[in-house]
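Numbering (the UniProt record's numbering), first residue to last: 1 to 528.
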Amino acid sequence: MSGSARPPWATGQLPAPRHLRPVGEPATVGRHERRDTTPAPLVPAGDHVVARLAPLSTASVSAADGVEAVDYQLVRQLHERVVRAHTATVGESGGGEAIGGVAAERVAARVVGEWIDAQRRHRLIAPAFEDALLEAVLAELAGLGRLQRLLDDPSIENITILGCDGVRIEYRDGRVRTSAPVADSDAELVEMISNLARRAGDIGSTERSLSPSRPMIDLQLADGSRLAAMYVISPRPVVVIRRHGALAVALDDLVLPQYSMLDRLLADFLKAAMAARLNIMVAGWPGAGKTTLLRALASEIGSSEWFVTMEESRELGLHTTGAHPWAVALETREGHGEVGSDGRRAGEILLDDMIPMALRLNTARIIVGEVRGREIVAMLQAMGTTGGSLGTIHARGPQMVMDRLVELVLSHSGEHSVQRAFRQVAGSVDLIVYVSMVDETSIGGRKHRFVSHVLEVDGLFPDGDGVRTTTVFGPADAAGAGRAVPQQLPERHLARLRRAGYDPQPLIAHRQVGRWPRPLNTIVGGDG
1 MSGSARPPWA
11 TGQLPAPRHL
21 RPVGEPATVG
31 RHERRDTTPA
41 PLVPAGDHVV
51 ARLAPLSTAS
61 VSAADGVEAV
71 DYQLVRQLHE
81 RVVRAHTATV
91 GESGGGEAIG
101 GVAAERVAAR
111 VVGEWIDAQR
121 RHRLIAPAFE
131 DALLEAVLAE
141 LAGLGRLQRL
151 LDDPSIENIT
161 ILGCDGVRIE
171 YRDGRVRTSA
181 PVADSDAELV
191 EMISNLARRA
201 GDIGSTERSL
211 SPSRPMIDLQ
221 LADGSRLAAM
231 YVISPRPVVV
241 IRRHGALAVA
251 LDDLVLPQYS
261 MLDRLLADFL
271 KAAMAARLNI
281 MVAGWPGAGK
291 TTLLRALASE
301 IGSSEWFVTM
311 EESRELGLHT
321 TGAHPWAVAL
331 ETREGHGEVG
341 SDGRRAGEIL
351 LDDMIPMALR
361 LNTARIIVGE
371 VRGREIVAML
381 QAMGTTGGSL
391 GTIHARGPQM
401 VMDRLVELVL
411 SHSGEHSVQR
421 AFRQVAGSVD
431 LIVYVSMVDE
441 TSIGGRKHRF
451 VSHVLEVDGL
461 FPDGDGVRTT
471 TVFGPADAAG
481 AGRAVPQQLP
491 ERHLARLRRA
501 GYDPQPLIAH
511 RQVGRWPRPL
521 NTIVGGDG
C-alpha cells in the first residue's frame with residue numbers, strides 16, 4: 001500500500017473492516033487497483049482537527065503478530081470527533097452517547113482515514129491496524145467500547161467484570177482467563193453501561209436506567225446477550241454478561257455431540273409432551289442450560305400458532321428466528337418517578353401484570369422465561385386454564401422443585417394453607433424436566449450439561465400433604481446423579497401422549513439403559 005494512498009474504506013470504495021462490509025469480503029483491495037486519494041468532504045473547509053490529533057502513544061501500544069495494538073485514548077479522541085462531525089451533518093444532538101447508522105459509520109471511516117493519512121507522512125501503518133482502529137471507533141459509537149472485542153468472540157460463554165480492570169472470561173470449552181481492562185476507570189465503565197441502558201429501546205428492548213437511585217440493571221444487548229450490572233451498593237461496579245448459543249435450536253439438535261443434553265428417547269418423549277400440550281416446568285441450577293432447553297421445546301410449537309412469551313429481559317428470542325411469526329414477546333418495564341401508595345412507580349409493568357392480559361389476547365399457551373417471584377401465582381392460574389405452557393425455575397435438585405414452587409405460592413399469594421398451595425401446583429404443572437450440570441473446569445475439565453430427570457406430576461397424596469410424582473426418566477446409577485434413562489411409564493398423562501402419537505414401547509425396551517450414544521467422559525469418572 002502506498003504511503004500516500006488513502007485506505008479504500010475512507011474514500012467510499014468500501015471493502016472495509018467487517019462493520020462496513022458483507023461477511024467474507026476482504027478487508028483491503030489489491031495493490032494494482034487505482035484509488036481516489038481525494039478526501040471526501042467531512043466538515044466545513046478549514047476544519048482539520050483530526051489531522052492534529054496526537055499520534056499513537058507508544059506507552060499503550062503492544063504488539064500482536066507484528067501489528068500495533070489500538071490506543072483507546074486515541075479511540076476516544078476520534079469518537080468525539082465523529083460525534084461532532086455527525087452532529088454538524090445531521091443537525092442532531094449526539095452528545096457523548098452512542099450514535100449509529102450508515103451515515104455515522106461513513107463519517108467514522110472518513111475521520112479515521114484522515115488520521116491515518118496524517119500518520120503516513122511519518123511512518124508506515126499496516127492495513128490490519130487501520131481495520132482495528134476503525135472497528136474500535138465503531139464499537140465506541142455503538143456504546144460497547146472495548147466490550148465489543150469480547151462479544152465478537154464466539155468461543156466466550158460468560159464475561160464477568162469487577163471494576164474497569166478486573167475482567168474474567170469463561171470460554172465454552174471450560175477455560176477461564178483474565179482479560180485486558182474494558183475501561184480506563186470505574187466511572188467510564190458505569191457511563192458505558194448507563195448509555196447501553198438508555199439505548200435499549202433502539203434494539204427493540206425496553207429502555208432501562210442505571211443511576212444511584214437505581215443501582216441495579218438487567219438488560220439485553222443487541223446480539224441477544226444478557227447483561228446484569230450494579231454499582232453504588234458494591235465497592236466497585238459489577239457487570240456480568242451471559243452469552244447465548246443459537247437462538248434457533250431444536251430438540252433434535254440437543255441430541256447432537258456438540259450439545260449432548262438429550263438422548264433419542266428423551267427427545268422423542270419431549271416432542272410428544274409438547275404435541276400433547278402438557279404444561280412443562282424446566283428446572284436446574286443457574287447456567288445449566290434451562291433457556292436452551294426451553295427454546296428447543298418451543299421449537300415444537302407450530303409456525304401458525306399465536307402465543308406469548310414473557311421475560312424480565314428478553315432472552316428467548318423466539319420472535320426473532322422466523323420460525324414463529326405469531327409469537328408476541330413481552331418484557332417488563334421499569335416505572336419512573338416517586339413510589340406510589342401501592343409501593344410501585346408509575347408505569348411499572350411486572351410479569352404478573354402481563355399474564356392476565358395475555359389470556360385476554362386469546363392465547364392458549366404462555367411461556368415465562370424465568371419464574372422467581374410473585375408472577376408464580378398468575379402463571380399457575382394461567383397453566384390451570386391453558387395447555388402447553390412453559391417456564392423455568394431455579395432449583396438445586398429435582399425433588400426440590402415442588403418445594404420451591406409451593407414456597408413461592410405461599411410467599412406471594414397471601415395463601416396460608418400449604419395443602420391449598422400443593423393443590424394449585426399439582427393442578428397446573430404436568431411435567432418437571434431437570435437439567436443438571438457437572439462442572440470440572442476447576443480440575444482441567446469442562447462443563448457437561450444434560451437432562452437428568454423427567455418427573456410426571458400425578459396429583460396429591462391421599463392426605464393432601466404433598467405432590468406425588470412419577471420418575472419417567474432418571475439416572476441409572478444409585479447415587480441419582482447421572483444422565484436420564486427410562487425408569488417408569490407415565491401414568492396420569494399416558495393417554496394424552498398416546499393421542500399425540502407417542503408409542504411408549506421404547507421406554508420399556510430401554511428401561512434403565514437409555515440410548516445415550518457415548519459415555520459422559522468426565523475426569524473423575526461416573527456418568528455424573
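For each residue, glycine too, the CB sits at the ideal point set by N, CA and C.
As the structure is a computational prediction, the values presented were derived from the model and not from experiment.
Best match in Glu130, Thr89 and Val111 for proximity to Ala69 [C-alpha to C-alpha]: Locating residue 69 in the sequence shown gives position 69, counting from the first residue. The shortest CA-to-CA distance from Ala69 to any of Glu130, Thr89 and Val111 is the one to Glu130.
Unbroken alpha helix (DSSP H) run spanning Leu227, endpoints: By 1-based counting over the sequence shown, the position of residue 227 is 227. Premise fails: Leu227 lies in the beta strand (DSSP E), Arg226 to Met230, not in any alpha helix (DSSP H).
Pair within 8 Å by beta-carbon distance, Gly143 and Met192: Locating residue 143 in the sequence shown gives position 143, where the first residue counts as 1. Locating residue 192 in the sequence shown gives position 192, where the first residue counts as 1. For Gly143 and Met192, yes; Cβs fall inside 8 Å.
Span separating the alpha-carbon of Pro208 from that of Gly384: In the sequence shown, the residue the question calls residue 208 occupies position 208. In the sequence shown, the residue the question calls residue 384 occupies position 384. Here residue 208 turns out to be Arg, not Pro, going by the sequence shown. Per the coordinates, the alpha-carbon of Arg208 lies some 33 Å from the alpha-carbon of Gly384.
Nearest to Glu135 (by Cα), restricted to the options Thr320, His79 and Thr87: As a working note, residue 135 is residue 135 in the sequence shown. Comparing Cα positions, the closest option is His79.
Any 3 or more C-beta pairs closer than 8 Å across the stretch 305-318 and the stretch 406-422: No: fewer than three Cβ pairs fall under 8 Å.
Nearest neighbour of Ala327, chosen from Arg146, Thr363 and His336 [CA to CA]: Residue numbering aside, residue 327 sits at position 327 when the sequence shown is read from its first letter. For the residues Arg146, Thr363 and His336, the minimum Cα distance to Ala327 belongs to Thr363.
Beta-carbon separation (whole angstroms), Thr72 vs Arg146, contact threshold 8 Å: In the sequence shown, counting from the first residue as 1, residue 72 sits at position 72. In the sequence shown, counting from the first residue as 1, residue 146 sits at position 146. The sequence as given places Tyr at residue 72; Thr does not occur at that position. A Cβ-Cβ distance of about 7 Å is found for the pair Tyr72 and Arg146, placing them in contact under the 8 Å criterion.
Inter-residue CB distance, Val308 and Ile376 (contact presumed, cutoff 8 Å): If you number the sequence shown from 1, residue 308 lands on position 308. If you number the sequence shown from 1, residue 376 lands on position 376. Not a contact, Cβ separation roughly 17 Å.
Proximity to Thr292 [Cα-Cα], best of Ala426, Arg468, Val451 and Gly343: Taking the sequence shown and counting its residues from 1, the one referred to as residue 292 is at position 292. Of the listed residues, the one whose Cα sits closest to Thr292 is Val451.
For Glu348, the three-state DSSP class (helix, strand or coil): On the sequence shown, position 348 is the one that residue 348 refers to. In this structure, Glu348 counts as coil in the three-state DSSP scheme.
Beta-carbon proximity of Glu334 to Glu348, cut-off 8 Å: As a first step, residue 334 must be located in the sequence shown, where it is residue number 334. As a first step, residue 348 must be located in the sequence shown, where it is residue number 348. If you check the CB distance, Glu334 and Glu348 come in under 8 Å.
Residue closest to Asp223, alpha-carbon to alpha-carbon, out of Arg345, Arg149 and Leu455: To locate residue 223, count along the sequence shown from 1; it is residue 223. If we check each option's Cα against that of Asp223, Arg149 comes out closest.
Opening and closing residue of the alpha helix (DSSP H) in which Asn195 lies: Mapped onto the sequence shown, residue 195 falls at position 195. Here the alpha helix (DSSP H) through Asn195 covers Asp186 to Arg198.
Buried or exposed (CB count within 10 angstroms, at least 16 for buried), Pro490: Locating residue 490 in the sequence shown gives position 490, counting from the first residue. By the 10 Å Cβ count, Pro490 comes out buried.
Gly391 to Met354 span [Cα, whole Å]: What you label residue 391 is simply residue 391 of the sequence shown in a count that begins at 1. What you label residue 354 is simply residue 354 of the sequence shown in a count that begins at 1. About 14 Å.
Option in Arg172, Ser179 and Tyr171 with minimal Cα separation from Ile161: For this step, residue 161 is matched to residue 161 along the sequence shown. The candidate whose alpha carbon is nearest that of Ile161 is Ser179.
6 Å CB neighbourhood of Gly496 in its chain, flanking five on each side removed: Here residue 496 refers to the residue found at position 496 when the sequence shown is read from its first residue. Before going on, a small fix: residue 496 reads as Arg here, not Gly. Excluding residues within five positions, the ones whose Cβ falls inside 6 Å are Ala276.
Residue nearest to Val249 in terms of C-alpha spacing, selected from Arg226, Gly388, Tyr259 and Gly474: One-based indexing of the sequence shown puts residue 249 at position 249. For Val249, the closest of Arg226, Gly388, Tyr259 and Gly474 by C-alpha to C-alpha distance is Tyr259.
Length of the line joining the Cα atoms of Val446 and Leu520: Locating residue 446 in the sequence shown gives position 446, where the first residue counts as 1. Locating residue 520 in the sequence shown gives position 520, where the first residue counts as 1. The residue asked about is misnamed: residue 446 is Arg in this sequence, not Val. Cα to Cα, Arg446 sits roughly 11 Å from Leu520.
Beta strand (DSSP E) segments (min. 3 residues) lying fully within the stretch 283-350: Those beta strand (DSSP E) runs which fall completely within the stretch 283-350 and span 3+ residues are 307-311, 327-331 and 336-339.
Cβ-based neighbour list, Ala346, same chain, cut-off 7 Å, excluding 5 preceding and 5 following: Taking the first residue of the sequence shown as position 1, residue 346 is located at position 346. Non-local beta-carbon contacts of Ala346 in its own chain, meaning distances under 7 Å to residues more than five positions away in sequence, involve Gly335, His336, Gly337 and Gly340 in chain order.
Local Cβ density within 10 Å of Ile523, reported as buried at 16 or more and exposed below that: Here the question's residue 523 lines up with position 523 in the sequence shown. Exposed: under 16 other Cβ atoms inside 10 Å.
Beta-ladder partner(s) of Val238, from DSSP: To locate residue 238, count along the sequence shown from 1; it is residue 238. Leu162 and Met230.
Phe450 - containing beta strand (DSSP E), residue span: Translated into positions along the sequence shown, residue 450 becomes position 450. For Phe450, the enclosing beta strand (DSSP E) stretches over residues Lys447 to Leu460.
3 or more residues per run - each beta strand (DSSP E) lying fully within the stretch 378-425: Correct list: 390-394.
Expected contact under 8 Å - CB spacing of Gly163 and Pro237 to nearest Å: Locating residue 163 in the sequence shown gives position 163, counting from the first residue. Locating residue 237 in the sequence shown gives position 237, counting from the first residue. About 6 Å separates the two Cβ atoms, so the contact holds.
Ranges of the alpha helix (DSSP H) found wholly within the stretch 498-523, counting only runs of at least 4: As far as the stretch 498-523 is concerned, its whole alpha helix (DSSP H) runs of at least 4 residues are 505-509.
Cβ-Cβ separation, Val102 to Val82 (assumed contact under 8 Å), whole Å: Within the sequence shown, the letter at position 82 stands for residue 82. Within the sequence shown, the letter at position 102 stands for residue 102. No, Val82 and Val102 are not in contact; Cβ-Cβ is about 13 Å, not under 8 Å.
Sufficient close CB pairs (3 or more, under 8 Å) joining the stretch 108-117 to the stretch 183-191: They do not touch, by the three-pair rule.
For His493, the three-state DSSP class (helix, strand or coil): What you label residue 493 is simply residue 493 of the sequence shown in a count that begins at 1. Residue state, collapsed to three classes: coil.
Thr470 in three-state terms, based on DSSP: On the sequence shown, residue 470 is found 470 positions in, with the first residue counted as 1. Three-state result, Thr470: strand.
Ala358 beta carbon less than 8 Å from that of Ala500: By one-based count along the sequence shown, residue 500 stands at place 500. By one-based count along the sequence shown, residue 358 stands at place 358. Inclusion of Ala500 and Ala358 in the CB contact set at 8 Å is not warranted, their separation being larger than that value.
8 Å contact criterion, which Val457 and Phe473 should meet: CB distance rounded: Residue numbering aside, residue 457 sits at position 457 when the sequence shown is read from its first letter. Residue numbering aside, residue 473 sits at position 473 when the sequence shown is read from its first letter. Not a contact, Cβ separation roughly 14 Å.
Beta carbon of Ala382 nearer than 8 Å to that of Ser389: By one-based count along the sequence shown, residue 382 stands at place 382. By one-based count along the sequence shown, residue 389 stands at place 389. Cβ distance < 8 Å, so Ala382 and Ser389 count as in contact.
Extent of the continuous beta strand (DSSP E) run through Glu170: The sequence position of residue 170 within the sequence shown is 170, counting from 1. Counting along the chain, the beta strand (DSSP E) containing Glu170 begins and ends at Val167 to Tyr171.
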